[in-house]
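Participant: So the protein lines, in turn, are chains A and Y. Residue numbering for the first sequence follows the numbering used here, starting at 158 and increasing by one per position. Residue numbering for the second sequence follows the numbering used here, starting at 158 and increasing by one per position. Right, I'll just put the structure down here and ask away after.
There are 2 protein chains.
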Amino acid sequence: MVVTNKSGSRGRPRRFDPDAAVATAQKLFHARGYDAVSVADVTDALGINPPSFYAAFGSKAGLYQRVLDHWTGTEAIPLADILRPDVAVADGLAAMLEEAARRYASDPAAGGCLVLEGTRCTDDGAREAARALNLGAEAFIRDYIAARHPGEADAVTDFVSTTMSGLSAKARSGHDLPRLLATARLAGGVLAQALPG
Amino acid sequence: MVVTNKSGSRGRPRRFDPDAAVATAQKLFHARGYDAVSVADVTDALGINPPSFYAAFGSKAGLYQRVLDHWTGTEAIPLADILRPDVAVADGLAAMLEEAARRYASDPAAGGCLVLEGTRCTDDGAREAARALNLGAEAFIRDYIAARHPGEADAVTDFVSTTMSGLSAKARSGHDLPRLLATARLAGGVLAQALPG
DNA sequence: ATTTATTTGTAACGACCATTACAAAATACC
DNA sequence: GGTATTTTGTAATGGTCGTTACAAATAAAT
Numbered sequence: 158m159v160v161t162n163k164s165g166s167r168g169r170p171r172r173f174d175p176d177a178a179v180a181t182a183q184k185l186f187h188a189r190g191y192d193a194v195s196v197a198d199v200t201d202a203l204g205i206n207p208p209s210f211y212a213a214f215g216s217k218a219g220l221y222q223r224v225l226d227h228w229t230g231t232e233a234i235p236l237a238d239i240l241r242p243d244v245a246v247a248d249g250l251a252a253m254l255e256e257a258a259r260r261y262a263s264d265p266a267a268g269g270c271l272v273l274e275g276t277r278c279t280d281d282g283a284r285e286a287a288r289a290l291n292l293g294a295e296a297f298i299r300d301y302i303a304a305r306h307p308g309e310a311d312a313v314t315d316f317v318s319t320t321m322s323g324l325s326a327k328a329r330s331g332h333d334l335p336r337l338l339a340t341a342r343l344a345g346g347v348l349a350q351a352l353p354g
Numbered sequence: 158m159v160v161t162n163k164s165g166s167r168g169r170p171r172r173f174d175p176d177a178a179v180a181t182a183q184k185l186f187h188a189r190g191y192d193a194v195s196v197a198d199v200t201d202a203l204g205i206n207p208p209s210f211y212a213a214f215g216s217k218a219g220l221y222q223r224v225l226d227h228w229t230g231t232e233a234i235p236l237a238d239i240l241r242p243d244v245a246v247a248d249g250l251a252a253m254l255e256e257a258a259r260r261y262a263s264d265p266a267a268g269g270c271l272v273l274e275g276t277r278c279t280d281d282g283a284r285e286a287a288r289a290l291n292l293g294a295e296a297f298i299r300d301y302i303a304a305r306h307p308g309e310a311d312a313v314t315d316f317v318s319t320t321m322s323g324l325s326a327k328a329r330s331g332h333d334l335p336r337l338l339a340t341a342r343l344a345g346g347v348l349a350q351a352l353p354g
């Protein structure tokens with residue numbers, strides 16, 4: 158039994174695993190960006206034909222939405238684990254920046270953050286989906302800062318999110334782990350200065 | 158005499174001014190990015206037809222090259238004026254970051270840096286042209302730092318260029334002047350610390 | 001006035017895009 | 001076995017992309 162039907166469904170069985178397809182698509186989107194990946198690229202990589210693709214995912218943006226969902230559960234930076242109440246806010250944010258540097262440089266074939274790069278694509282639906290995810294992460298960061306430094310929360314959130322956007326851009330343009338890490342640590346120095354205590 | 162011929166040339170006179178066309182194209186590219194601007198968009202904006210466009214500029218990438226050339230002479234950040242030998246390196250770099258924030262937010266319709274955003278397009282030729290321009294600017298910054306802080310030149314150049322990439326991305330995603338300026342000033346704060354003296 | 005050179009407008013080119021019509025194939029249910 | 005249901009492969013859809021062939025139009029040079 159190599160291929161299994163979706164339980165309780167009649168008809169011809171599908172010859173590919175949608176979850177594996179999402180993982181494959183995630184690699185493509187991460188490596189080349191949403192705009193530069195065509196539906197033909199995806200169907201070729203999966204060894205399927207367009208009708209199978211559209212039956213499973215509805216549209217290219219629909220697949221991207223599922224990629225984003227899968228990504229939050231697997232490769233997203235675990236903010237809740239890093240921004241802990243038992244470490245100084247500046248230390249937590251610095252750790253987050255360093256973790257971002259590590260992840261953005263981890264796959265030389267990819268480069269940068271899937272979500273941050275997705276916020277720059279030309280498709281309205283895909284862009285807003287990535288944007289929403291990013292806004293949620295920024296809100297989490299802002300709340301974390303505001304709990305102990307309410308007066309600095311907005312400005313410091315802007316600073317760290319700007320730095321992460323820059324790190325993602327530089328990762329995509331070829332900066333390797335040591336360079337990204339050094340940049341993240343310099344940025345981290347701002348935080349100890351802006352958030353005393 | 159409304160339209161003048163290029164001096165010394167025979168034939169039908171062209172009905173548009175190439176320099177004005179470059180300025181119009183610059184606005185389009187800056188506002189929407191290279192990929193999102195089609196040749197049809199440009200010819201429509203100029204009121205000309207494709208053959209006139211290709212006779213004047215050769216290709217879409219050729220027009221972009223001329224836009225970049227025009228940009229360096231007009232709207233590019235005047236690094237040589239800001240990174241002066243008579244101010245502390247940290248102060249010069251901080252002023253550069255603030256100037257970047259101002260320029261990236263100056264045109265709400267546009268957003269971000271024409272060159273930095275150009276380094277992210279999907280056309281190979283256009284991307285490499287923007288990249289080359291950006292690499293030149295980074296080399297200038299690196300030389301400026303290295304003259305007085307050779308040991309920190311590479312890392313600090315990476316930091317400021319990463320910050321500028323982040324500022325450009327955030328400008329494009331809606332951050333206004335006060336937010337960008339506050340971020341630039343936070344980033345500038347680390348320079349005095351990293352470059353003592 | 002004829003020739004030569006250049007730009008014009010019209011109308012296409014082939015390539016690629018995301019997406020789908022349609023009928024044959026393959027399974028589960030009765 | 002017959003039927004309902006779902007996915008398959010083939011082949012297209014209309015649209016947009018950057019780019020160009022071609023001939024009429026318009027100017028300068030002879």
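For glycine and all other residues, C-beta sits at the position ideal for the given N, C-alpha and C.
F210(Y) by DSSP, collapsed to three states: which one?
Facilitator: Taking the second sequence and counting its residues from 1, the one referred to as residue 210(Y) is at position 53. F210(Y): helix per DSSP, three-state reduction.
Participant: So what's G133(A) in DSSP terms, helix, strand or just coil?
Facilitator: Chain A is shown from 158 up to 354; residue 133(A) falls before or after that span and cannot be answered.
Participant: Are G269(A) and R329(A) closer than 8 Å when you measure CB to CB?
Facilitator: For the purposes of this step, residue 269(A) is identified with residue 112 of the first sequence, where counting begins at 1. For the purposes of this step, residue 329(A) is identified with residue 172 of the first sequence, where counting begins at 1. Yes; because the gap between Cβ atoms is below 8 Å, this pair is in contact.
Participant: Have a look at A258(Y), D280(Y), L250(Y) and flag the residue whose alpha-carbon is nearest the alpha-carbon of D315(Y).
Facilitator: Position 158 of the second sequence, counted from the start, is the residue given in the question as residue 315(Y). Checked all of A258(Y), D280(Y), L250(Y); the closest Cα to D315(Y) is L250(Y).
Participant: With respect to the alpha helix (DSSP H) encompassing F173(Y), which residues constitute its N-terminal and C-terminal limits?
Facilitator: As a working mapping, residue 173(Y) is identified with position 16 in the second sequence. Looking at the DSSP string, F173(Y) is not in any alpha helix (DSSP H), and its letter there is neither H nor E.
Participant: Can you find the residues in the same chain that come closer than 7 Å, C-beta to C-beta, to G282(A), ignoring five residues on each side of it along the sequence?
Facilitator: As a first step, residue 282(A) must be located in the first sequence, where it is residue number 125. Result list for G282(A): A218, in chain order.
Participant: Grouping DSSP H, G and I as helix and E and B as strand, with all else coil, what is T229(A)?
Facilitator: As a first step, residue 229(A) is located in the first sequence; it is residue number 72 there, counting from the start. T229(A) falls in the helix class under three-state DSSP.
Participant: Of all the residues that make up the stretch 168-196 of chain Y, which are near chain A by a beta-carbon distance shorter than 7 Å?
Facilitator: The stretch 168-196 of chain Y vs chain A, Cβ under 7 Å: D192, A193.
Participant: Using the C-alpha atoms, what's the distance from L348(Y) back to D238(Y)?
Facilitator: As a working mapping, residue 238(Y) is identified with position 81 in the second sequence. As a working mapping, residue 348(Y) is identified with position 191 in the second sequence. C-alpha separation (whole angstroms): 19 Å.
Participant: Give the range of the alpha helix (DSSP H) segment to which S322(Y) is assigned.
Facilitator: Position 165 of the second sequence, counted from the start, is the residue given in the question as residue 322(Y). Looking at the DSSP string, the run of the alpha helix (DSSP H) that includes S322(Y) is 310-329.
Participant: At the 8 Å Cβ level, is K217(A) part of the contact set with chain Y, yes or no?
Facilitator: Position 60 of the first sequence, counted from the start, is the residue given in the question as residue 217(A). K217(A) does not count as touching chain Y.
Participant: So what's V272(A) in DSSP terms, helix, strand or just coil?
Facilitator: Within the first sequence, the letter at position 115 stands for residue 272(A). Reduced to three states, the DSSP call for V272(A) is helix.
Participant: State yes or no: is the beta carbon of L254(A) nearer than 8 Å to at least one beta carbon in chain Y?
Facilitator: Translated into positions along the first sequence, residue 254(A) becomes position 97. L254(A) does not count as touching chain Y.
Participant: Within the chosen definition, does the stretch 216-230 of chain Y reach the stretch 182-190 of chain Y through at least 3 CB pairs nearer than 8 Å?
Facilitator: Yes: at least three Cβ pairs fall under 8 Å.
Participant: Taking F297(Y) as the query, report the chain A residues whose CB atoms sit under 9 Å from its CB, ordered along the chain.
Facilitator: If you number the second sequence from 1, residue 297(Y) lands on position 140. In chain order: nothing, as chain A lies at least about 17 Å away.
Participant: What does D280(A) reach in chain Y if we use C-beta pairs closer than 8 Å?
Facilitator: Position 123 of the first sequence holds residue 280(A). Chain Y residues near D280(A): none, gap ~11 Å exceeds 8 Å.
Participant: Hey, is L324(Y)'s beta-carbon within less than 8 Å of any beta-carbon in chain A?
Facilitator: Residue mapping note: residue 324(Y) aligns to position 167 of the second sequence, counting from 1. Yes, contact with chain A.
Participant: Report the three-state DSSP secondary structure of P335(A) (helix, strand or coil).
Facilitator: Here residue 335(A) is taken as the residue at index 178 of the first sequence, counted from 1. P335(A) falls in the helix class under three-state DSSP.
Participant: Using a Cβ distance threshold of 8 Å, determine whether the stretch 293-301 of chain Y contacts the stretch 308-326 of chain A, with at least three qualifying pairs required.
Facilitator: At 8 Å Cβ cutoff, the stretches do not touch.
Participant: As a quick exercise: from Y261(Y), V244(Y), C278(Y), pick the residue whose alpha carbon is nearest that of I302(Y).
Facilitator: For this step, residue 302(Y) is matched to residue 145 along the second sequence. The candidate whose alpha carbon is nearest that of I302(Y) is V244(Y).
Participant: Where does C278(A) land, buried or exposed, given buried means 16+ other C-beta within 10 angstroms?
Facilitator: Within the first sequence, numbered from 1, the residue matching residue 278(A) stands at position 121. So C278(A) ends up on the buried side.
Participant: I want to see whether chain Y comes within less than 8 Å of V347(A), judged by CB atoms only; does it?
Facilitator: Counting from one through the first sequence, the residue named residue 347(A) turns up at place 190. True, the Cβ-Cβ gap to chain Y drops below 8 Å.
Participant: Exposed or buried, which one is G345(Y) when buried takes at least 16 other CB atoms within 10 Å?
Facilitator: Residue numbering aside, residue 345(Y) sits at position 188 when the second sequence is read from its first letter. Label assigned to G345(Y): buried.
Participant: List the residues of chain A whose Cβ lies closer than 8 Å to the Cβ of R277(Y), in chain order.
Facilitator: Counting from one through the second sequence, the residue named residue 277(Y) turns up at place 120. The contacting residues are R277, A326, R329.
Participant: So what does DSSP say about T200(A), is it helix, strand or coil?
Facilitator: Against the first sequence, residue 200(A) aligns to sequence position 43. If DSSP states are grouped into helix, strand and coil, T200(A) belongs with the helices.
Participant: State the DSSP-derived secondary structure class of T279(A), mapped to helix, strand or coil.
Facilitator: Residue 279(A) sits at position 122 when you count from the first residue of the first sequence. Three-state DSSP puts T279(A) in coil, outside helix and strand.
Participant: Would you mind working out which of D192(A), D311(A), D176(A), V179(A) sits nearest T276(A), comparing C-alpha positions?
Facilitator: Along the first sequence, one-based indexing puts residue 276(A) at 119. Minimum Cα distance to T276(A) is reached at D192(A).
Participant: Once you ignore the five residues that flank S318(A) on each side, which residues in its own chain have a CB closer than 6 Å to its CB?
Facilitator: By 1-based counting over the first sequence, the position of residue 318(A) is 161. Result list for S318(A): E295, in chain order.
Participant: By alpha-carbon positions, which one of V272(A), A257(A), G293(A), A188(A) ends up nearest to L338(A)?
Facilitator: Numbered from 1 along the first sequence, position 181 holds the residue referred to as residue 338(A). Ranking the options by Cα distance to L338(A), first place goes to A257(A).
Participant: Check distances from the C-beta atoms of the stretch 301-320 of chain A to those of chain Y and list, in chain order, the residues that come in under 9 Å.
Facilitator: Result list: D311, A312, V313, D315, F316, S318, T319, T320.
Participant: Between Y211(Y) and the rest of its own chain, which residues show a CB-CB distance below 8 Å, the 5 nearest in sequence each way excluded?
Facilitator: For the purposes of this step, residue 211(Y) is identified with residue 54 of the second sequence, where counting begins at 1. Closer than 8 Å at Cβ, skipping near neighbours: no residue.
Participant: Between Y221(A), E285(A), G204(A), which has its C-alpha nearest V179(A)'s C-alpha?
Facilitator: Residue 179(A) sits at position 22 when you count from the first residue of the first sequence. Out of Y221(A), E285(A), G204(A), Y221(A) has the C-alpha closest to the C-alpha of V179(A).
Participant: Alpha carbon to alpha carbon, how far is Q350(Y) from A252(Y)?
Facilitator: Against the second sequence, residue 350(Y) aligns to sequence position 193. Against the second sequence, residue 252(Y) aligns to sequence position 95. One C-alpha to the other measures close to 15 Å.
Participant: Along chain Y, in chain order, which residues have C-beta atoms closer than 7 Å to that of R336(A)?
Facilitator: To locate residue 336(A), count along the first sequence from 1; it is residue 179. Simply D315.
Participant: Are A188(A) and A267(A) closer than 8 Å when you measure CB to CB?
Facilitator: The residue you call residue 188(A) lines up with position 31 of the first sequence. The residue you call residue 267(A) lines up with position 110 of the first sequence. Yes, they are a contact pair.
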